[in-house]
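This report concerns only the one structure given below.
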Amino acid sequence: MEARCLWVLFSQGMDVRRLPELPRSSRISVVVLSRNYANSSWCLQELSEIMECRNKSLVQMVLPVFYNVDPSDVRKQTGCFGEAFTKHEEDRDKETVARWRAALTEVGNIVRIVTFALIVFIIFSTEAKIVKEIALRICNELNNTYLDVAKHPVGLRSRMIDVNDDLNDPSDDVRFIVIWGMGVLGSHLLERSVEHWKSVHHQLGRNPHRDIQQKLEISYHALGSEDEKKLFLDIACFFVGGDKNLVVKVLEVGDLCVGLGLDVLCRRSLVKITSNNKLEMHDMIRDMGRAIVRRESPHNPGKRSRLFYQNDILATVRNHSGTEQVEGLVSNDYLELAEKVDAKAFERMRQLRLLKLNDLHVDGDYGLISKELKWLSWHGFPLDFLPEELCMRNLVVLDMQYSKLRSTWKTNSKKMPCLKVLNLSYSHFLTMTPDFSGLLKLEELIMEDCTELKEIDRSIGCLEELLLVNLKDCKKLKSIPDSICKVRSLQILNIQGCSSLMRLPDDFGNLESLTELLADGALTMQYPLSFTNLKNLAKLSLCGYNRWRSSSFFALEVPKENNWLIASLCGLRSLTELQLINCNISDDANLECIGSLKNLTRFNLWGSHLRCLPGSISSLSNLDFLEICHCPKLESLPDLSQKTFLSVFDCQSLRRISLPNSQVRTIMALVGCPGLTEISHSGVLNPIFLLSFNGCNEQLSVKLNELILKFWPGGVLSVSGSNIPEWFEYQSTGDSISFQLPACHSCKLNEIYVAYVIRNVLDEEGTFGYSRLFNLTRGKCIHSSVGLIHPGTKNSNIFSMAPEEIMEVYEGIKVRLDVEPHPHLITTAIGIHLEVEECPSCSGIYIDDVEAGSSDGDSHDEYPQETENEPTTEITAGEQWLLRYCPLKQVRVSMGAARRPGSEETWTKRATSQKESAGT
Numbered sequence: 002m003e004a005r006c007l008w009v010l011f012s013q014g015m016d017v018r019r020l021p022e023l024p025r026s027s028r029i030s031v032v033v034l035s036r037n038y039a040n041s042s043w044c045l046q047e048l049s050e051i052m053e054c055r056n057k058s059l060v061q062m063v064l065p066v067f068y069n070v071d072p073s074d075v076r077k078q079t080g081c082f083g084e085a086f087t088k089h090e091e092d093r094d095k096e097t098v099a100r101w102r103a104a105l106t107e108v109g110n111i112v113r114i115v116t117f118a119l120i121v122f123i124i125f126s127t128e129a130k131i132v133k134e135i136a137l138r139i140c141n142e143l144n145n146t147y148l149d150v151a152k153h154p155v156g157l158r159s160r161m162i163d164v165n166d167d168l169n170d171p172s173d174d175v176r177f178i179v180i181w182g183m184g185v186l187g188s189h190l191l192e193r194s195v196e197h198w199k200s201v202h203h204q205l206g207r208n209p210h211r212d213i214q215q216k217l218e219i220s221y222h223a224l225g226s227e228d229e230k231k232l233f234l235d236i237a238c239f240f241v242g243g244d245k246n247l248v249v250k251v252l253e254v255g256d257l258c259v260g261l262g263l264d265v266l267c268r269r270s271l272v273k274i275t276s277n278n279k280l281e282m283h284d285m286i287r288d289m290g291r292a293i294v295r296r297e298s299p300h301n302p303g304k305r306s307r308l309f310y311q312n313d314i315l316a317t318v319r320n321h322s323g324t325e326q327v328e329g330l331v332s333n334d335y336l337e338l339a340e341k342v343d344a345k346a347f348e349r350m351r352q353l354r355l356l357k358l359n360d361l362h363v364d365g366d367y368g369l370i371s372k373e374l375k376w377l378s379w380h381g382f383p384l385d386f387l388p389e390e391l392c393m394r395n396l397v398v399l400d401m402q403y404s405k406l407r408s409t410w411k412t413n414s415k416k417m418p419c420l421k422v423l424n425l426s427y428s429h430f431l432t433m434t435p436d437f438s439g440l441l442k443l444e445e446l447i448m449e450d451c452t453e454l455k456e457i458d459r460s461i462g463c464l465e466e467l468l469l470v471n472l473k474d475c476k477k478l479k480s481i482p483d484s485i486c487k488v489r490s491l492q493i494l495n496i497q498g499c500s501s502l503m504r505l506p507d508d509f510g511n512l513e514s515l516t517e518l519l520a521d522g523a524l525t526m527q528y529p530l531s532f533t534n535l536k537n538l539a540k541l542s543l544c545g546y547n548r549w550r551s552s553s554f555f556a557l558e559v560p561k562e563n564n565w566l567i568a569s570l571c572g573l574r575s576l577t578e579l580q581l582i583n584c585n586i587s588d589d590a591n592l593e594c595i596g597s598l599k600n601l602t603r604f605n606l607w608g609s610h611l612r613c614l615p616g617s618i619s620s621l622s623n624l625d626f627l628e629i630c631h632c633p634k635l636e637s638l639p640d641l642s643q644k645t646f647l648s649v650f651d652c653q654s655l656r657r658i659s660l661p662n663s664q665v666r667t668i669m670a671l672v673g674c675p676g677l678t679e680i681s682h683s684g685v686l687n688p689i690f691l692l693s694f695n696g697c698n699e700q701l702s703v704k705l706n707e708l709i710l711k712f713w714p715g716g717v718l719s720v721s722g723s724n725i726p727e728w729f730e731y732q733s734t735g736d737s738i739s740f741q742l743p744a745c746h747s748c749k750l751n752e753i754y755v756a757y758v759i760r761n762v763l764d765e766e767g768t769f770g771y772s773r774l775f776n777l778t779r780g781k782c783i784h785s786s787v788g789l790i791h792p793g794t795k796n797s798n799i800f801s802m803a804p805e806e807i808m809e810v811y812e813g814i815k816v817r818l819d820v821e822p823h824p825h826l827i828t829t830a831i832g833i834h835l836e837v838e839e840c841p842s843c844s845g846i847y848i849d850d851v852e853a854g855s856s857d858g859d860s861h862d863e864y865p866q867e868t869e870n871e872p873t874t875e876i877t878a879g880e881q882w883l884l885r886y887c888p889l890k891q892v893r894v895s896m897g898a899a900r901r902p903g904s905e906e907t908w909t910k911r912a913t914s915q916k917e918s919a920g921t
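Count along the sequence shown from 1, then add 1; that gives the number in the working numbering.
Below, the structure written as structure tokens:
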């Protein structure tokens with residue numbers, strides 16, 4: 002993969018002179034840092050532009066991909082990056098070189114501040130996997146919608162198996178797989194050139210295939226009312242991927258119930274509402290709706306009801322060709338117009354309900370814009386104030402993010418009787434909120450990252466329907482007016498990153514509807530005594546550092562001792578989620594009261610000075626997730642609820658834990674706890690989904706091996722160490738191994754256990770990874786999580802699986818284990834253990850040292866035969882296996898039917914002698 006930023010790779014055919022503009026117009030820049038990256042002055046200049054845009058905008062995201070390079074080399078300009086800069090310093094000025102170095106240092110530090118779940122920076126073994134991971138990350142950030150797929154597609158399984166067989170071929174050959182058959186389209190494109198495919202694809206985006214559209218339109222025409230059809234077209238053109246609640250607010254007019262209309266569309270499978278409340282629509286159904294709108298006026302977009310294509314919008318605005326037919330004009334991209342647009346372009350669009358523009362400067366009389374507007378979204382609005390002549394009496398949503406506004410409007414107040422959502426986020430020149438006295442229907446006030454905001458108008462107390470206030474990262478805000486305590490409807494308050502906020506109002510506890518308080522980075526403020534009166538508070542997040550703007554993930558703004566916080570929590574009986582991160586809590590705090598929070602399901606404790614957690618935590622029967630990180634003095638953990646997911650990270654003094662005696666699959670991950678040496682357990686281990694002790698004391702590995710040998714129920718285990726346990730009968734160095742399945746088909750193979758040792762060759766960076774066990778015989782594979790591997794360490798990992806997960810037939814197979822990402826994680830050893838339920842005839846004998854021949858049914862002819870009258874004096878291969886892995890008493894019992902002629906006494910003597918000589 003060429004060392005380039007991906008926005009450049011995706012811009013082939015564009016004027017190269019426009020490349021420097023792309024970082025400024027991009028939301029996400031993906032920087033692929035390869036070994037040759039620093040050799041290119043173009044790449045370094047691009048990177049400096051990207052990082053400059055990121056620091057100025059504060060909203061642009063940069064995703065670095067470290068492709069076969071060490072992030073520390075990037076950060077420090079060492080290794081291949083150091084060599085490149087030695088050359089640059091010879092022929093470049095010092096200022097330019099310094100700027101390039103600063104950009105590399107900054108992009109290298111991004112690795113340190115990402116969450117542990119972000120793996121886009123990890124090095125993968127193939128470029129396809131890099132691209133896939135990048136695409137997934139970007140889609141998550143952009144909140145894009147995915148192609149909808151039926152839950153039970155008909156007739157696809159057999160074809161899917163064929164495709165999987167081709168994709169799982171272990172060879173290194175490059176393969177092209179084409180899926181065709183979309184009506185007459187697939188056969189039409191067969192054997193055509195790539196350019197022809199691209200041309201047809203572009204054409205389909207504008208004019209979907211007629212036969213397909215006619216069939217899909219049957220569902221549209223079957224809708225019972227014009228209101229339902231209108232709702233469908235609005236969603237297809239403007240709101241795919243949009244939040245359901247916001248769409249309902251925007252589109253609901255008079256007696257029209259959008260909620261009921263959505264139910265109809267969902268029942269007819271035209272729209273789907275996702276688990277996170279987003280509207281989703283199949284691409285072909287969306288294109289069908291847009292084609293219906295396009296047919297309203299094929300050659301004059303200004304006469305259509307809805308405008309959504311960039312070129313159609315630009316043509317309509319430039320030519321002043323909009324008409325009364327236009328009800329919605331929505332641009333999700335930045336409108337590339339250098340010149341100002343005359344407001345007369347909107348004069349004839351009198352029925353315009355929905356208007357979304359980005360970075361467009363309109364000059365002239367704003368009173369010419371439609372008075373029917375219900376949704377106005379104008380990102381990057383260029384004026385200091387909203388014009389007085391702009392009619393906003395019907396507005397339901399006003400979204401002015403990234404604006405240049407210094408005040409919302411010139412007059413003290415503005416009558417907006419329908420307004421429900423006001424979003425002024427990232428307006429960095431705004432110093433105060435508007436007067437709210439004319440916004441009595443307001444439900445959501447969003448002013449995130451208004452960095453100059455210093456004051457909230459007292460009139461906020463008159464908003465009786467207000468549900469959400471988001472003031473995140475308003476760093477200069479020093480107080481919240483007492484009048485907010487009159488807003489009994491308020492449910493969510495976000496004051497994360499309000500580092501100058503000194504206090505909450507004394508009557509804060511009067512907010513009886515408050516369910517969520519997010520106060521990360523605002524711990525210097527005083528909490529009133531009435532805080533304990535928040536009886537409905539379900540989620541509380543308190544962090545002692547500002548993690549979003551820090552150059553280092555663990556850069557602390559640690560407050561003074563906050564033991565008083567614990568006393569304030571005890572009355573919050575409705576809490577389900579509690580995050581106490583770097584709150585400087587010590588043993589003097591009375592943590593026993595945590596046990597009174599009976600509804601608590603999630604508890605995150607970071608950066609405390611506690612030596613032990615209170616035993617009352619054991620009584621939290623609803624606790625599903627407990628995360629403890631960076632608690633250097635913590636020595637022990639209490640017994641936990643049987644279903645609790647326990648995650649412990651970097652607790653240097655932790656000495657002992659006990660495994661849960663659970664009836665459900667549990668997860669325990671203890672990473673970076675070198676003092677952990679004691680592990681206790683009573684009874685039989687129940688199924689464990691994941692048990693990880695990476696970066697812990699190697700003495701613990703020995704105890705775990707003993708415990709697992711006796712009680713292991715299956716799951717995933719990861720511990721520090723470099724050895725495969727002895728009870729794995731097949732062992733090999735490297736990353737591949739062959740093993741033979743039971744020769745008797747009547748013996749049942751219940752489980753396959755895989756053990757492997759991996760080493761992280763990096764000196765500084767911990768690395769996440771996962772393993773892939775690949776069946777070289779049949780092309781099937783299974784994945785297992787590895788977790789975080791500390792630099793310069795080895796980990797021993799065990800996981801179990803059902804046989805059908807890795808093979809399709811009962812046969813000897815060869816497997817290879819890949820640990821990704823390569824090359825920093827290297828497999829040094831691998832082992833296989835087979836758990837077999839013996840048939841009565843075999844009584845436990847199967848051969849692993851001798852390759853078995855073919856057999857049918859229950860035949861046992863494959864075992865070596867001896868003459869009837871000549872008793873053997875040698876131990877057979879099967880007997881050797883039993884002697885190696887079974888106690889002598891069990892050997893005597895299980896050998897019954899398979900023992901060779903000779904007295905039991907003679908055989909026992911031979912067996913005993915053999916075991917003694919083998920040291921077993």
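Backbone N, C-alpha and C fix where the C-beta goes; we use that ideal spot for every residue, glycine too.
Whole-angstrom distance between residue j and residue i, CA atom to CA atom
i, j, result
"K273", "A99", "52 Å"
"G80", "N69", "12 Å"
"S737", "L692", "24 Å"
"C652", "S681", "18 Å"
"P822", "D589", "With a pLDDT of 49 at P822, under the threshold of 50, the predicted position of this residue should be treated as unreliable, and no value is reported."
"E96", "L543", "42 Å"
"W410", "G572", "43 Å"
"L330", "K231", "15 Å"
"N395", "L443", "13 Å"
"L763", "L518", "41 Å"
"R656", "A830", "29 Å"
"L261", "S220", "17 Å"
"H89", "L641", "58 Å"
"V248", "H222", "23 Å"
Limits of the unbroken beta strand (DSSP E) element including residue i
i, result
"Y335", "No beta strand (DSSP E) contains Y335, which DSSP labels as neither H nor E."
"C1", "This structure cannot speak to residue 1, because the chain is shown only from 2 to 921."
"Q326", "Unbroken run through Q326: none, as it is neither H nor E."
Three-state secondary structure (DSSP) of residue i
i, result
"C584", "coil"
"S73", "helix"
"I370", "coil"
"N591", "coil"
"N278", "coil"
"G83", "helix"
"P726", "coil"
"N246", "helix"
"L252", "helix"
"C782", "strand"
"C843", "coil"
"Y731", "strand"
"Q527", "strand"
"T106", "helix"
Where the alpha helix (DSSP H) containing residue i begins and where it ends
i, result
"F800", "First-last for F800: K795 to M802, but that is the beta strand (DSSP E), not the alpha helix (DSSP H)."
"M289", "D284 to R295"
"A756", "Counting along the chain, A756 falls outside any alpha helix (DSSP H), though it belongs to the beta strand (DSSP E) covering K749 to N761."
"H222", "R211 to H222"
If we count Cβ pairs, one from each stretch, closer than 8 Å, do we get three or more for the region 504 to 524 versus the region 476 to 494? Yes, the region 504 to 524 is in contact with the region 476 to 494.
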